[in-house]
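**Student:** Below you'll find the structure I mean.
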Amino acid sequence: RAKSLGKGRICAFDRFLDQQVRTRRRLEEELRGAVEAGELFLLYQPIVDGATAETRGYEALLRWRHPTYGVLSPAVFIAAAEESGSIVEIGKWVLGEACRQAASWNNRLFVAVNVSTRQLLGVDLVDHVDTALKSNRLSPDRLELEITETSLLEDRADVAGCLEALKSLGVNLVMDDYGTGYSQMSNLRRYPFDKVKIDRSFVAALGEDPVAEIIIESALALGKSLGLTVVVEGIETEEQRAQLSGKSPDLLQGFLFGRPETIPFPIASSQNVIHLPQALKPAFTLA
Ligand code: C2E
Ligand code: MG
Ligand code: MG
Ligand code: MG
492 RAKSLGKGRI
502 CAFDRFLDQQ
512 VRTRRRLEEE
522 LRGAVEAGEL
532 FLLYQPIVDG
542 ATAETRGYEA
552 LLRWRHPTYG
562 VLSPAVFIAA
572 AEESGSIVEI
582 GKWVLGEACR
592 QAASWNNRLF
602 VAVNVSTRQL
612 LGVDLVDHVD
622 TALKSNRLSP
632 DRLELEITET
642 SLLEDRADVA
652 GCLEALKSLG
662 VNLVMDDYGT
672 GYSQMSNLRR
682 YPFDKVKIDR
692 SFVAALGEDP
702 VAEIIIESAL
712 ALGKSLGLTV
722 VVEGIETEEQ
732 RAQLSGKSPD
742 LLQGFLFGRP
752 ETIPFPIASS
762 QNVIHLPQAL
772 KPAFTLA
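Per UniProt numbering, the sequence shown starts with residue 492, numbered consecutively.
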């Protein structure tokens, strides 16, 4: 009996896997057409001054308005896009769109764009960044590229070369999700980063896990002594903000200060922020 039960389970599992693979393939196929179909869009989350909470810039966060599944978060499709290679096309679109929008903002605000491993190892990234900046007349110092440190795992000459080339365009480089990977300290030294963003899991653990607080403090100290700007992300509550305030982080980001949203356009050069009427805000906005 046990045997037949086991077999039944395996069959069910096979079917499950089969379906997963098929879903994944379909996703990959649909992704390839998503840029052209105009199904991708960007939300923007504010990054604020650590002392005054004034907005200093926005992180562009990708969303896919899928024709049947609705709005999808990058967590669902970035891996598939990387595997199928469509991330290069998608990443190029993200860079162009983010620069286009940022060019209409107050010129003191920066825009941060996430760049994936596959893009970093590809040959076209520097070109795409340069084109996005020039065709939108965006000053390079207003663009930041966020790189999750897992893509820097190995000491690769081509990664170093790419980062140096990006730096020489004048853009800023941010190490994202600091604290979640390996050898981050040596990567901070090896590569020309300007900013480091401490992963939100450490803020989430504040007050429960004493080690989280130690990691935040040491990352702040390290960043400062290396002359880097330090961002802490994932601040959701006033309590968390208060716990951080004594540690003087340069910048903060999190739901407490603003969720990823369609940006109220234009963020006028006159400092006058025009707010989009509530009624015009899309109901599909995802966190
Ligand atoms: P990330 O770069 O670390 O971005 C921060 C993520 O944390 C975003 O999720 C954001 O919505 C979320 N977040 C921000 N503040 C809070 C908070 O206070 N609490 C909580 N619980 N979450 C918060 P999102 O938009 O789903 O993006 C997930 C990841 O997908 C990003 O992580 C980034 O690695 C990647 N991603 C997003 N857009 C792009 C893109 O255009 N290209 C590439 N290659 N990756 C992207
Ligand atoms: Mg990021
Ligand atoms: Mg990330
Ligand atoms: Mg992060």
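In this text, a Cβ means the ideal position worked out from N, Cα and C, and glycines have one as well.
1. How many Å lie between residue 609 and residue 574 at the Cα?
2. Starting from residue 678 and walking both ways along the alpha helix (DSSP H), at which residues does that stretch end?
3. Leaving aside the five residues before and after residue 661 along the sequence, list all residues of the same chain whose C-beta is less than 7 Å from its C-beta, in chain order.
4. Mark residue 676 as exposed unless 16 or more other C-beta atoms lie within 10 angstroms of its C-beta, in which case mark it buried.
5. Could you spell out where the beta strand (DSSP E) holding residue 694 opens and where it closes?
6. Whose C-beta lies closer than 6 Å to the C-beta of residue 605 among residues of the same chain, with five residues either side of it excluded?
7. Taking 7 Å as the cut-off, is the beta-carbon of residue 663 closer than that to any non-hydrogen atom of ligand 2?
8. Do the CB positions of residue 533 and residue 588 come within less than 8 Å of each other?
9. Could you please give the first and the last residue of the uninterrupted beta strand (DSSP E) stretch that includes residue 556?
10. Say the cut is 7 Å; is the CB of residue 681 nearer than that to a heavy atom of ligand 4?
11. Helix, strand or coil for residue 507? Go by DSSP, reduced to three states.
12. Based on the DSSP output, what are the partners of residue 536 in its beta bridges?
**Tutor:** This is what the structure holds:
1. So the two alpha carbons sit approximately 9 Å from each other.
2. Residues 675-681.
3. Here residue 661 has 631, 632 as same chain residues with Cβ atoms under 7 Å from its own Cβ, once five neighbours each way along the sequence are excluded.
4. It counts as exposed.
5. For residue 694, no beta strand (DSSP E) encloses it; the enclosing alpha helix (DSSP H) starts and ends at 691-695.
6. Once the five neighbours on either side are set aside, the close Cβ partners of residue 605 are 637.
7. No, Cβ of residue 663 sits at least 7 Å from all heavy atoms of ligand 2.
8. Cβ distance < 8 Å, so residue 533 and residue 588 count as in contact.
9. Segment 546-557, the beta strand (DSSP E) holding residue 556.
10. The closest heavy atom of ligand 4 lies 7 Å or more from the beta carbon of residue 681.
11. Collapsing the DSSP output to three states places residue 507 in a helix.
12. Answer is 550, bridged to residue 536.
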